[in-house]
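Trainee:
Numbering (our numbering), first residue to last: 97 to 179.
Written as structure tokens, this is what we have:
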């Protein structure tokens, strides 16, 4: 959803055609934001402002820290849920 809305905001023909995009991610939303932006091709002529609040490095690391179980980290990565 994050990638889709970002593309819609950037699209000059079928979308908004924004010249400035400000994004905000909090906690897990910040993790999703980071995951989406990592592979994003930023467009020339658009100013991007990215704000992340109280987020984390990745979900598997947080899950391991909370549970104290290294297997949780492995399982999250194995399932493809690591953001």
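C-beta atoms are modelled at their ideal positions from N, C-alpha and C, and glycine is treated no differently.
Looking only at C-alpha atoms, which of 124, 179, 128, 123 sits nearest to residue 76?
Mentor: Residue 76 lies beyond the range of the chain shown here (97 to 179); nothing can be said about it.
Trainee: Taking 8 Å as the cut-off, decide whether the C-beta atoms of residue 114 and residue 147 are in contact.
Mentor: The residue labelled residue 114 in the question sits at position 18 within the chain shown. The residue labelled residue 147 in the question sits at position 51 within the chain shown. Not closer than 8 Å, so no.
Trainee: At which residue ranges does the stretch 118 to 153 contain complete beta strand (DSSP E) runs of 3 or more residues, listed in the order of the chain?
Mentor: Runs of the beta strand (DSSP E) inside the stretch 118 to 153: 143 to 149.
Trainee: Output needed for residue 131: all residues of its chain with C-beta closer than 6 Å, excluding positions within five of it in sequence on either side, in chain order.
Mentor: On the chain shown, residue 131 is found 35 positions in, with the first residue counted as 1. Excluding sequence neighbours, residue 131 sits near 179.
Trainee: Should residue 173 go down as buried or exposed, given a rule of 16 or more other Cβ atoms within 10 Å for buried?
Mentor: Taking the chain shown and counting its residues from 1, the one referred to as residue 173 is at position 77. The residue is exposed, with fewer than 16 neighbouring Cβ atoms inside 10 Å.
Trainee: Can you tell which of 158, 164, 163 has the C-alpha that lies nearest to the C-alpha of residue 177?
Mentor: As a first step, residue 177 must be located in the chain shown, where it is residue number 81. The shortest C-alpha separation from residue 177 is found at 158.
Trainee: When the Cα of residue 126 is compared with those of 151, 168, 163, which residue comes out closest?
Mentor: As a first step, residue 126 is located in the chain shown; it is residue number 30 there, counting from the start. The option with the nearest alpha carbon to residue 126 is 151.
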